[in-house]
Amino acid sequence: MKILTGNELLSGAAVYLDARGNWREALQEARVFGKDEAEALEAAIAATHATGRVISIESEDVQMTEAGIHPLRIRERIRAQGPTAPRFFDRQTLAEDEYVSI
Amino acid sequence: MYRYDEFDAAFVGERVTQFSDQVRRRIAGELTEEQFRPLRLMNGLYLQLHAYMLRIAVPYGTLSARQMRMLAHVARTYDRGYGHFTTRQNIQFNWPKLRDVPAILSDLASVEMHSIQTSGNCVRNVTVDQFAGAAADEIIDPRPVAEIIRQWSSLHPEFIYLPRKFKIAMTGSPNDRAAVKFHDIGLMAQTNREGAVGWAVYVGGGLGRTPMVGKLINGFVAHEHLLAYLESILRVYNRYGRRDNKFKARIKILVHEEGLENFKGQVEQEFAEIRGGVLTLPLEELDRIEAYFAEPDYADHGVVAIDVEREKILDPAFGRFLENNTFPHKRAGYSAVTISLKPIGGAPGDATAEQMEAVADLAERYSFDELRVSHEQNLVLPHVALTDLRAVYDGLAAAGLADANAGEITDMITCPGLDYCALANARSIPIAQDISRRFAAPERAREIGKLKIKISGCINACGHHHVGHIGILGVEKKGTELYQITVGGDGSEDAAVGKILGPGFVADEVPNAIERLVDAYIAERSDPGETFIAAYRRLGDAPFKEALYGNG
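Residue numbers (our numbering), protein chains in the order written: chain C, 1 to 102; chain E, 1001 to 1552.
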């Protein structure tokens, strides 16, 4: 199973594509693509690319656990949470005009 | 300090204008990311895990109070109130938004700072000994020549697309505090038989996945020929460096594969052609640049004696600060003061906007308006009168910057690691935090003495783990972070690459593993004056391997 993630252009914030075609901040809102949905995944990447507003787009392997979507790579888990040794705060957030949809 | 002339000012100003327009066009959709990415990287703007990161050059690690205040302003206005000082003597901001970057660069330009050549396959910021211009053991202040190298290498048309990035480090002292033998080119001041000062040139050093100690390619190059000699090296590298494989593209691989003699032959041939030509440095020009780095107007304080042992009894924290954080100055009555950015449990190299401002105030009042960034991710007040040390200490304490651990086990170099970096495989900062908490007690740190731990979160080795007396390298194995421990590395003039002694450890086990190494050292050292690295050289791997992995 895979999700789509990237960084929003203006803020650089980590974002996830949801089932309605919106790029959101919360990992748990991400659309999970099954093995048989490779075409839909490719189409979503192309549509996002066309907006020019999400960069560094990657598909990431995940599994579903009781807690929800669980990325297999540590890197992705940290991206979803923010720095684990934070100084004062958590992740980069989107301003009003930084939400992207396809 | 060096001040921009009209060329510098125009060149930085033009770049801000250009990049502002490029950002505008990117946001307007006139540029694609593919088109924009190389442009933003040329201006130090990276994309990391959680946000953009802006890297700002601090040429040869030298800053004025005004510049430090501007960094505080940037931190507060456009970022999250702090900045991160790096092993390249630069500063990075971890949370800028794209729209704000032109304003940040414009603000920086107003104090003669920029982000040019902080990324890409070009000559990067030249790094030098953090005590340059102050150290008692210095033959020459390397910064005037570093400034000339900066001018020569900035937008050098031939060397903007090298096979890979290129880093030059310099030391004016025989005691190398700038790790010059682990740079693409390392320059070490030398005196020749006639008593003239010039440069021993090392080439092909580096860390990363293939660590190499730089090789001496020329024992003495006079100031006037240095640029021609550097240009000869860069030209041979640019011509023959491997562009087919990113992992083999650094000059260290070329020198290694070709062999020093062959490489040197090529350089000498090139040098024979251009020596005495347009790159000959007129000594008047060197004098002109040197004037910017003239010694400050020291006051004559007479004989000042500080009884450190007495101070340690009266105020142990201040006594410890005097013992660890002061460095012998070339001028009697003065000292260079290290400001540790390694608080127990903190993120190594971070400083808040308030701390930057406090440091700027202290530099203005007590250090002739001068500051340095060290490659060990600390700051330095280079010229403090001994009579002002107490006031400086009190000022630092008020800003939460009086940690007296410079050079001790908790003064670690640590890369940002997987908490921030898009290239990392494992976290570094939490490992450093755990180790610093473990060794927080001043008595324990003092008992251990001088010991350098360096931590990298991937094989690229930004945390210099190969040259840590104890090095820690984070890797990912089957979805878990694992830490390999090396012993015996040394970034000084006695350059050595650390050795891996066995399998890695999970994060929770790292502090115990370090403790076992330290205990083995204390048990085996010939006397308390024998440092960890000296003991390792005498004893070899065996006792350390046993400490880590037992007798099996």
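Glycine included, every Cβ here is placed at the ideal spot set by N, Cα and C.
As the structure is a prediction and not an experimental result, all values here were calculated from the model.
Element boundaries [alpha helix (DSSP H), containing residue i]
i, result
"A1103/E", "V1101 to A1109"
"A1358/E", "A1353 to Y1366"
"N1238/E", "H1223 to Y1240"
"V1510/E", "V1510 to E1524"
"E1476/E", "Not the alpha helix (DSSP H): E1476/E falls in the beta strand (DSSP E), residues I1470 to K1477."
"T1118/E", "Looking at the DSSP string, T1118/E is not in any alpha helix (DSSP H), and its letter there is neither H nor E."
"V1012/E", "E1006 to I1027"
"V15/C", "From DSSP, V15/C is part of no alpha helix (DSSP H) but of the beta strand (DSSP E) over A14 to L17."
Residues near residue i by beta carbon distance below 8 Å, same chain, minus five either side
i, result
"T48/C", "L4, G6, L17, W23, V54, I57, V100 and I102"
"E1481/E", "L1418, N1425, A1426, R1427, G1474, V1475, V1506 and A1507"
"R73/C", "E60 and D61"
"L1341/E", "F1085, P1348, G1349, D1350, A1351, Q1377, N1378, L1379 and L1401"
"V1180/E", "A1169, M1170, T1171, G1186, L1187, M1188, Y1202, G1205 and G1214"
"L1501/E", "I1485, T1486, V1487, D1541, F1544, K1545, L1548 and Y1549"
Where residue i falls: helix, strand or coil (DSSP)
i, result
"R1203/E", "Per the sequence shown, the amino acid found at residue 1203/E is Val instead of Arg. Correct three-state label for V1203/E: strand."
"E58/C", "strand"
"T1387/E", "helix"
"F1131/E", "coil"
"V1303/E", "coil"
"T1171/E", "strand"
"Y1536/E", "helix"
"L1381/E", "strand"
"I1329/E", "First, the amino acid is wrong: residue 1329/E is His here, not Ile. H1329/E: strand per DSSP, three-state reduction."
"G1395/E", "helix"
"E1370/E", "strand"
"Y1052/E", "strand"
"N22/C", "strand"
"H1084/E", "strand"
"G1319/E", "helix"
"L1039/E", "helix"
"G1219/E", "strand"
"F1439/E", "coil"
"L94/C", "coil"
"D1350/E", "strand"
"G1562/E", "Beyond the ends of chain E as shown, which are 1001 and 1552, falls residue 1562/E; an answer cannot be given."
6 Å Cβ shell around residue i - same chain, five flanking residues per side excluded
i, result
"G1471/E", "K1454, H1465, T1486, G1489 and G1498"
"E1290/E", "P1144"
"A1358/E", "A1399"
"F982/E", "Absent from the model: residue 982/E. The displayed extent of chain E is 1001 to 1552, so no value can be given."
"A19/C", "R31"
"R75/C", "none"
"T1280/E", "E1224"
Contact set for residue i: own chain, Cβ-Cβ below 7 Å, skip 5 residues either direction
i, result
"V1392/E", "V1337, L1362, Y1366, L1381 and V1384"
"T1387/E", "H1301 and V1304"
"N1121/E", "Y1161, L1162, P1163, R1164 and K1165"
"I1233/E", "I1185, V1203 and V1267"
"G1081/E", "A1075, T1352 and A1353"
Per-residue burial, residue i [other beta carbons within 10 Å of its own, 16 or more giving buried]
i, result
"L1047/E", "buried"
"T1410/E", "buried"
"K1252/E", "buried"
"P1528/E", "exposed"
"N1192/E", "exposed"
"G1186/E", "buried"
"Q63/C", "exposed"
"T1171/E", "buried"
"D90/C", "exposed"
"V1278/E", "exposed"
"K1477/E", "exposed"
"T1062/E", "buried"
"Y984/E", "Outside the displayed span of chain E (1001 to 1552) sits residue 984/E, for which this structure offers no information."
"Q92/C", "buried"
"S1526/E", "exposed"
Segment limits, beta strand (DSSP E) that includes residue i
i, result
"L4/C", "K2 to E8"
"Q1190/E", "I1185 to T1191"
"Q1269/E", "Taken as a continuous stretch (DSSP letters only), Q1269/E belongs to no beta strand (DSSP E), being part of the alpha helix (DSSP H) at L1260 to I1274."
"T1486/E", "T1480 to V1487"
"H70/C", "G68 to P71"
"I1453/E", "I1453 to S1456"
"I1140/E", "Counting along the chain, I1140/E falls outside any beta strand (DSSP E), and DSSP gives it neither H nor E."
Where residue i meets chain D, residues with beta-carbon distance less than 8 Å
i, result
"L94/C", "Protein chains in the displayed structure are C and E, and chain D is not among them."
Inset, instruction - Examine the Cβ distances between the region 1157 to 1164 of chain E and the region 1194 to 1208 of chain E and report whether three or more of them are shorter than 8 Å. - result: no
Inset, instruction - Decide if the region 1103 to 1111 of chain E is in contact with the region 1024 to 1036 of chain E; the criterion is three or more beta carbon pairs, one per stretch, under 8 Å apart. - result: no
Inset, instruction - Determine, using beta-carbon pairs with one atom in the region 1004 to 1011 of chain E and one in the region 1086 to 1103 of chain E, whether at least three such pairs fall under 8 Å. - result: no
Inset, instruction - Answer yes if the region 1146 to 1153 of chain E comes into contact with the region 1122 to 1132 of chain E, meaning at least three C-beta pairs across the two stretches below 8 Å, and no otherwise. - result: yes
Inset, instruction - Would you be able to state if there are at least three C-beta pairs under 8 Å between the region 1050 to 1058 of chain E and the region 8 to 17 of chain C? - result: yes
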